[in-house]
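Step one of this worksheet: look at the structure below.
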Amino acid sequence: MFGSIGMPELVIILVIALIVFGPRKLPELGRSLGRSLGEFKKASNELRNTLEDEVRVEEQRDQAAKMQAEQASAIAAATVSPVTPGSDIPSPSAEEHTVSRSTTGVSA
């Protein structure tokens, strides 16, 4: 509906403002409008930075919680089934030892 404001439209707006406010008030209005826009831009930048900081803090909390959960599960797994060197290799029983002697052809 409304396009960008071109040069003819801008001139018409400035002429109307000059007629309504007069030549003395127009520079003051321009300065106050510029200050207002600057403050608005500054406030919006601060809001964006605050939101980005909050998101970053939340992500760090999530990562810390994840690491703590992984550490807790690793500690729980280590306490449930402790691993000792050589415990995964079964030792031969006495019956297996005698069977292996008899199959090698050594007589007792």
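Each residue of the sequence shown is one higher than the one before, counting from 4 in the working numbering.
Where is the CB? At the ideal position from N, CA and C, for every residue including glycine.
Pairwise C-alpha distance: residue j and residue i
{"i": "Gly37", "j": "Gln74", "result": "55 Å"}
{"i": "Pro26", "j": "Met10", "result": "21 Å"}
{"i": "Gln63", "j": "Ser39", "result": "36 Å"}
{"i": "Ala111", "j": "Ala81", "result": "Confidence is the limiting factor: at Ala111 the pLDDT is only 47, short of 50, which leaves the residue's position unreliable and the question unanswerable from this model."}
{"i": "Thr53", "j": "Arg59", "result": "10 Å"}
{"i": "Lys69", "j": "Glu61", "result": "12 Å"}
{"i": "Glu31", "j": "Phe43", "result": "18 Å"}
{"i": "Gly33", "j": "Glu55", "result": "33 Å"}
{"i": "Ile16", "j": "Gly6", "result": "15 Å"}
{"i": "Ala77", "j": "Gln66", "result": "16 Å"}
{"i": "Arg51", "j": "Glu57", "result": "10 Å"}
{"i": "Glu49", "j": "Gln71", "result": "33 Å"}
{"i": "Ile8", "j": "Ser35", "result": "21 Å"}
Own chain residues within Cβ distance below 8 Å of residue i, not counting five before or after
{"i": "Ile22", "result": "none"}
{"i": "Leu29", "result": "Ala20, Leu21"}
{"i": "Phe24", "result": "Leu32"}
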